[in-house]
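Chemist:
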Amino acid sequence: MTTLTRQTLSHLDWLEAEAIHIMREVAGQCERPVLLFSGGKDSICMLRIAEKAFRPGKFPFPLMHIDTGHNYREVVEFRDKRAAELGERLIVRSVEDSMKRGTVVLKHEGESRNKHQSVTLLEAIAEFEFDACIGGARRDEEKARAKERIMSFRDEFGQWDPKNQRPELWNLYNARAHKGENIRAFPISNWTEMDVWQYIERENLELPSIYFAHQRDVVLRGGAIFPVNVPLAGGEIINIPKPGEEIVNMRVRFRTVGDITCTAPVPSDADSVDKIVLETATTTITERGATRLDDQTSDASMEQRKKEGYF
Amino acid sequence: MNAPTNQHDNGLLRFMTCGSVDDGKSTLIGRLLFDTKTILEDTLTQIARTSQKRGMDAVDLSLLTDGLQAEREQGITIDVAYRYFSTGTRKYIIADAPGHEQYTRNMVTAASTANLAIILMDARKGMLTQTRRHSFLAQLVGIPHIVVAVNKMDLVNYDQTAFEKIRAEYLAFATEIGLQREGRDIRFIPMSALNGDMIVERGDAMPWHTGPTLLEILESAPAAHTEKAENFRFPVQFVCRPQDSTNPELHDFRGFMGRVESGEIAIGDAVTVLPSGRTSTIKAIRLGEEKLQRAIHEQSVTLLLEDEIDISRGDMIVKSSEAREPLKQLDAMLCWLSETPLSPARAYVIRHTTRESKAKIGAIEYRVDVNTLERHAAQNLNMNDIAKVSFRLAQPLCADNYAENRATGAFIVIDESTNNTVGAGMVI
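Structure below.
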């Protein structure tokens, strides 16, 4: 006896169900996966999805953060607190250690460490023999990501070859890889920034404080709002303003959170999730548009970084 | 199940666009994104700048779907791109596939997850070979809703007779290939993507068209799985056995995790596990820590059974009244995706739901020419070829007919030497 079910899932339920399915496929197909957790909003959603996918069991993978050493104190503290609450193992590998090993060499002292995360990530993959990294990248973020597979194959150098991707049909994912090769899996590929905020609202997820409107010292640099005099967890202060730059104390929030040297906040009064949902619905600027200084170098900078092993 | 987030949430629709840049496909997508206010100011500024640089008078909306560096350099689309927009009541995922013949595999890829296809035609040109090809592929991959969009009406002075002529021509073709016979819903719409007529706004150039606009069709298209009765199919992805000795409640916990591919299930239902044939009853349904009474198609849940039976990844839980004999060989329509031709002598791996089996080609019955739809004999298959093929399987698979169930009738073929996905199959 077959049944006709007219009922259908709401769009958030559907996106959640798809993401759970993808995470379980990684766990089912791969020997040693890892979930990349930065303390940012997308990876916070990923942890909730992992709970829905695997509880009451433990996650079948550890969490890992590649720390540039230039992350906001609030986010790093949140990262550690959240992992402890979940009772899951958190691995942190740092770009500074790669610099000490000599595998990351900065062009000059002030160069952003953001793109060098790729090196540290590949070193961690080799160290733990991870065969899959689960990440919170979304296709709506950037045009190079719009064409990446949900299960994206990387060769032994971590490189993405956009012209030679595995066809991906139905929901039949192929996460096979030979030893040394790697799969990057993106369970929330089909989510938009709006979906993420609606999900955070619905699931009542806690976030690091810098996602909400707060007062901050900034300067205007190259058309972006650039945060200055930011204290790191160790007490060091970075993003020192250049001589002649005028410091303004502004009410801002972060739409994306990453390396302090290349993530800019936006002016905002939204100090709660529902206000952010409203603001997201009416904004005129894309998520990475005014906020990711690393994407603005050229039309293809994300594509270029991904080819070199970036997430 | 979670309560719907908002009363008017009409779920999510996945659709694809078929056509070439010449048909105005990129302009159409750009128009949909633009008129639903998905495109933000900075993106618009960026494409306005590029349009100007290329010497165009107006903002070229087709630039919005420009993808990779390699594509921009060559001025072509080489891969499926996914775009998103929302109307507030429904979320949309567009699979944008390049239309050229050598990209048949991309069209099949885009079609595999689509519930609706927009087939674009140029009002000046009418039916072309590619229209036939796109329609055939949409039919092959089982897309239930087809929208034939007759674009560039502005270039034929919005002439109704031109539109009616194309409609009649297409309907004759649809009858010929059996598009309608299978109960497919075919709609026609005259439009100008360039000027925005009949896409989101009606415009006033075609008062003679009283049917819905494109967006109205999209908003009212039935969601997947809601149009016909379906069997319950639950491929097991992962088995959860928490090793927590401190919590007695979890001592005997054995959760079977997966996604309801079709149909629905409730506590108390009698189920059979395939291929073993063992039976039990649903004891509990969970979504994380939350306890549910029932689960429906596309929901990812955890099932608990009354009896302790051996179940692992790759097994399928079905309702006992809907069980089916596992297959040791199968017939399928196969689309070859790889630059390395299919070798009938070799063994491949078939992945069907969460199960894998070694497989050998029994015979290639015929190959279909996607342009003429003629059948030819074939000894091997090259990239973009579509053929009727039989397989012999090392392990039994619990497959349904693709026409009845797109999730459990589909499989991919993997080449173990490269681990590449080399074929896409649909069971017949």
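Chains A and B, in that order, are what the protein sequence lines are. Here the first sequence stands for residues 0 to 310, where the numbers follow numbering that gives the first Met the number 0. Here the second sequence stands for residues 0 to 427, where the numbers follow numbering that gives the first Met the number 0. The beta carbon of each residue, even a glycine, is placed where N, CA and C say it ideally should be.
#1: With a cut-off of 8 Å, does the C-beta of Glu6(A) fall near any C-beta of chain B?
#2: Measure the CB-CB distance between Ala331(B) and Leu273(B) and report whether it falls below 8 Å.
#3: In the DSSP assignment, find the unbroken alpha helix (DSSP H) run with Asn170(A) in it and report its ends.
#4: Please say whether Glu263(B) and Thr7(A) have beta carbons closer to each other than 8 Å?
#5: Helix, strand or coil, according to DSSP, for Gly39(A) in the structure here?
#6: For Gln295(A), decide whether its Cβ has a neighbour in chain B, counting only Cβ atoms nearer than 8 Å.
#7: Does the CB of Asn418(B) have a neighbour CB from chain A at under 8 Å?
#8: Give the single residue among Pro266(A), Glu140(A), Ala125(A) and Asp268(A) whose Cα lies nearest to the Cα of Ile187(A).
#9: Under a Cβ-count criterion, where at least 16 other Cβ atoms within 10 Å of its own Cβ denotes burial, should His177(A) be classed as buried or exposed?
#10: Per DSSP, Pro234(B) forms a beta bridge with which residues?
#11: So with CB distances below 8 Å, who are the chain B contacts of Ala145(A)?
#12: CA-CA distance, Arg252(A) and Tyr210(A)?
#13: Can you check whether the CB of Arg88(A) is closer than 8 Å to the CB of Leu62(A)?
#14: DSSP on Gly18(B), reduced to helix/strand/coil?
#15: Quick one, which of Lys99(A), Glu15(A), Phe36(A) and Val272(A) has its alpha-carbon nearest Glu76(A)'s?
#16: For my contact list, Phe390(B) and Ile360(B) are in at a C-beta cut-off of 8 Å; report their separation, rounded to the angstrom.
#17: Going by DSSP, which residues form a beta bridge with Thr339(B)?
#18: What residue does the beta strand (DSSP E) around Thr280(B) start on, and which one ends it?
#19: Note down, in chain order, all residues in the stretch 6–26 of chain B with a beta-carbon under 7 Å from any beta-carbon belonging to chain A.
#20: Between Met0(B) and chain A, is the shortest Cβ-Cβ distance under 8 Å, so that the two count as touching?
#21: By DSSP, does Lys142(A) sit in helix, in strand, or in coil?
#22: DSSP three-state label for Glu263(B), please.
#23: So His351(B) and Ala398(B) are supposed to be a Cβ contact under 8 Å. How far apart are they, rounded?
#24: In angstroms with no decimal places, state the Cα-to-Cα distance between Arg215(A) and Phe237(B).
#25: Along chain B, which residues have their Cβ under 8 Å away from the Cβ of Gln164(A)?
#26: Taking Cβ-Cβ distances below 7 Å as the criterion, which residues of the stretch 275–301 of chain B are in contact with chain A?
#27: Taking the continuous alpha helix (DSSP H) assigned at Val75(A), which residues delimit it?
#28: For a test of the three-state rule: what should DSSP assign to Leu136(B), helix, strand or coil?
#29: If you draw a straight line from the alpha carbon of Ala221(B) to that of Phe14(B), how long is it in whole angstroms?
#30: Does Glu168(B) have its Cβ less than 8 Å from a Cβ in chain A?
#31: List, in order along the chain, the chain B residues whose C-beta lies closer than 8 Å to that of Met45(A)?
#32: Check the Cβ of Asp139(A) against every Cβ in chain C and list those closer than 7 Å, keeping chain order.
#33: How about Ala96(B) and Ile142(B): do their beta carbons lie closer than 8 Å?
#34: How would you write the range of the beta strand (DSSP E) that Lys387(B) sits in, first residue to last?
#35: What in chain B is Cβ-close to Asn189(A), meaning under 8 Å?
#36: Which value, in whole angstroms, describes the spacing of the CA atoms of Glu373(B) and Pro325(B)?
Modeler: Taking the structure as given:
#1: Going by the sequence as given, residue 6(A) is Gln instead of Glu. Taking Cβ atoms only, chain B reaches closer than 8 Å to Gln6(A), which makes this a yes.
#2: no
#3: Counting along the chain, Asn170(A) falls outside any alpha helix (DSSP H), and DSSP gives it neither H nor E.
#4: no
#5: coil
#6: Summary for Gln295(A): the model assigns pLDDT 48, below 50, so the residue's position carries little reliability; its value from the coordinates is reported in the next sentence. Not closer than 8 Å to any Cβ of chain B, the Cβ of Gln295(A) fails to qualify, so no.
#7: yes
#8: Glu140(A)
#9: exposed
#10: Met315(B)
#11: Gly66, Ala80, Tyr81 and Arg82
#12: 5 Å
#13: yes
#14: coil
#15: Phe36(A)
#16: 6 Å
#17: Its beta-bridge partners do not exist; DSSP assigns none.
#18: Arg277 to Leu286
#19: Asp8, Gly10 and Leu11
#20: Because Met0(B) sits at a pLDDT of 36, beneath the cut-off of 50, its placement in the model cannot be relied upon, and the following sentence gives the value as read from the coordinates. Yes, Met0(B) lies at the interface with chain A (some Cβ there is under 8 Å from its Cβ).
#21: coil
#22: strand
#23: 6 Å
#24: 46 Å
#25: Asp78
#26: Leu286, Gly287, Glu288, Ile295, His296, Glu297, Gln298 and Ser299
#27: Arg72 to Leu85
#28: helix
#29: One point to set straight first is that residue 221(B) is Pro, not Ala, in the sequence displayed. Their backbone Cα atoms lie some 12 Å apart in a straight line.
#30: no
#31: The premise fails here: Met45(A) is roughly 14 Å from chain B at the closest Cβ pair, so nothing lies under 8 Å.
#32: In the structure shown, chain C cannot be found, because the protein chains are A and B.
#33: no
#34: Ile385 to Leu396
#35: Tyr81, Tyr83 and Ile92
#36: 32 Å
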